[in-house]
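Take a look at the structure below.
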Amino acid sequence: MAELDVTKILRSYGAKLTFEESVLLEPMRMLGEVIEFPQPFAVQGSIVNRDGTFLLEATASGTIEAKCSLCGTPVSVPMELEIEENLIHHPNRRMKNGNDKSEADFMYEAERDGAFVFTTHMLDISKIVGDNVFLNLPSQFFCSADCKGLCPICGKNRNKEECKCSN
Ligand SMILES: [Zn+2]
Ligand SMILES: [Zn+2]
């Protein structure tokens with residue numbers, strides 16, 4: 011968890027908090043492949059209170075470990091991304107009242123509008139960073155620009171050895 015204490019800007023419009031955090035992300039699954047993040051992402055940016063809603067802007071950089079889409083060799087690629095999220099502070103009342111419909115509606119509407127809802131003075135940016143990393147993941151990874159892939163017949167890695175299957 012990478013939590014920011016946003017107490018200082020919570021009630022003052024226009025107030026800005028700058029931060030620098032390390033965010034360790036859990037492995038993600040994409041199209042059946044596991045994507046891993048060996049080191050924490052370095053995240054720096056700011057949160058501004060804009061009339062009660064909050065704008066988070068940050069840059070994040072880290073390393074992705076995945077497998078080559080053609081031959082399966084592990085690859086490690088750098089990743090850098092810009093993050094921009096609207097946040098809404100909304101103290102959670104559902105705890106007291108297990109099935110509050112208006113509360114559920116509020117959360118639904120806020121999330122449908124693309125806003126991230128946080129409920130205390132501590133803001134965990136791990137989920138925001140994780141969501142943004144996930145949305146920016148390349149759909150394929152390659153060990154090299156001219157990877158020859160696996161032989162579709164015998165399954166050998168054609169970058170490493172010639173097989174006798176072709177023609
Ligand atoms: Zn490859
Ligand atoms: Zn073969």
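Residue 165 in this note's numbering sits at position 155 of the sequence shown, with consecutive numbering throughout. Where a beta carbon is used, it is the ideal one built from N, C-alpha and C, also for glycine. All values derive from a computational prediction rather than experimental measurement.
Short CB-CB distance (under 7 angstroms) between residue 121 and chain D: No chain D is present in this structure, which holds just one protein chain.
Whole angstroms are fine: how far does the CA of residue 46 sit from the CA of residue 138? 17 angstroms
For residue 15 and residue 124, what's the separation of their Cα atoms in angstroms? 22 angstroms
Since residue 151 is in the alpha helix (DSSP H), which residue starts that stretch and which ends it? Element bounds for residue 151: n/a, residue is neither H nor E.
Which term fits residue 151, buried or exposed, when burial requires 16 or more other beta carbons within 10 angstroms of its beta carbon? buried
Identity of the residue in 35, 97 and 91 nearest residue 64 by Cα: 97
Evaluate contact between the region 142 to 151 and the region 20 to 31, counting only Cβ atoms and requiring at least three cross-stretch pairs below 8 angstroms. no
Would you say the beta carbon of residue 161 is closer than 6 angstroms to some non-hydrogen atom of ligand 1? no
Specify the secondary structure class of residue 123 as computed by DSSP and reduced to three states. coil
Apart from the five residues on each side of it in sequence, which residues of its chain come closer than 6 angstroms, Cβ to Cβ, to residue 166? 173
Determine the DSSP secondary structure at residue 134, reduced to helix, strand or coil. strand
Classify residue 112 as helix, strand or coil using the three-state DSSP reduction. helix
Taking the C-alpha atoms as reference points, what is the distance between residue 105 and residue 169? Note that residue 105 scores a pLDDT of 48, beneath 50, so its modelled location is shaky; the value from the coordinates is reported in the next line. When rounded, the distance between both Cα atoms is 57 angstroms.
Between the Cα of residue 92 and those of 142, 13 and 41, spot the shortest distance and give me the residue it belongs to. 142
Less than 6 angstroms separating the Cβ of residue 81 from some heavy atom of ligand 2? no
In its own chain, which residues sit with a C-beta less than 7 angstroms from the C-beta of residue 38, not counting the 5 before and 5 after it? 45 and 144
Indicate the three-state DSSP secondary structure (helix, strand or coil) for residue 140 in the structure shown. helix
Can you tell me where the alpha helix (DSSP H) holding residue 18 begins and where it ends? 17 to 20
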